[in-house]
Each structure stands twice: as C-alpha cells, then as structure tokens.
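Notes follow the structure.
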Amino acid sequence: MQRCPTCDGAVEPKSAFRPFCSDRCKMVDLSRWMDGSYVIPSSGEYTERTEPMSEEIAAALAKRGMSEDLIH
C-alpha cells in the first residue's frame with residue numbers, strides 16, 4: 005500500500021487525496037511549498053534561452069496575438 009508523503013500513513017488506493025491520505029496532509033504539503041520549506045534545487049542562476057523558439061510554438065503564439073517576447 006502507498007504511504008502518505010506527509011505523515012507516512014496508509015493511503016487507500018481510491019482515495020480522492022492521493023498521494024496523500026487526507027485533505028489535511030495535502031494542505032500541509034502545499035503550505036510547505038508555499039513557505040519555502042520545499043524547494044527544487046537549481047544552480048541559482050537564471051539563464052536566457054539560447055535557442056530560438058520553434059516555428060510551431062511561435063506560430064501558435066502569433067495565432068493567439070502573443071509574441072515570443074511575452075514569455076521572456
């Protein structure tokens with residue numbers, strides 16, 4: 005049986021809160037992300053994209069009235 009990442013309790017296979025055992029554990033996990041307790045490791049440096057956006061993505065943005073500059 006799967007274990008809850010917050011409290012290590014058992015998680016029912018059909019639980020609406022999977023992978024958590026309860027709404028409480030789900031909200032505890034969310035609050036840890038929000039307060040910075042959990043982070044995704046990175047080099048700490050933002051780097052500009054060096055490759056141009058693919059034509060397919062640029063065309064999709066243009067169709068929506070957006071430009072590549074909006075996502076930088």
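Heads up, the sequence shown is in our numbering, so the first residue is 5 and it goes up one at a time.
We put the CB at the ideal spot given by N, CA and C, even for glycine.
Taking the alpha helix (DSSP H) that VAL32 belongs to, which residues open and close that run? To locate residue 32, count along the sequence shown from 1; it is residue 28. Here the alpha helix (DSSP H) through VAL32 covers 27-38.
Alpha helix (DSSP H) segment containing ALA62, residue limits: As a first step, residue 62 must be located in the sequence shown, where it is residue number 58. Looking at the DSSP string, the run of the alpha helix (DSSP H) that includes ALA62 is 59-67.
Excluding the 5 residues preceding and the 5 following ALA66 in the sequence, name in chain order all residues of the same chain whose CB lies nearer than 6 Å to its CB. Within the sequence shown, residue 66 is the residue found at index 62, counting from 1. Cβ neighbours of ALA66 beyond the five flanking positions: none.
For ARG7 and SER47, I'd like the C-alpha separation in whole angstroms. Numbered from 1 along the sequence shown, position 3 holds the residue referred to as residue 7. Numbered from 1 along the sequence shown, position 43 holds the residue referred to as residue 47. SER47 has its alpha-carbon roughly 31 Å from the corresponding atom of ARG7.
In three-state terms, what does DSSP make of ALA20? Numbered from 1 along the sequence shown, position 16 holds the residue referred to as residue 20. ALA20: coil per DSSP, three-state reduction.
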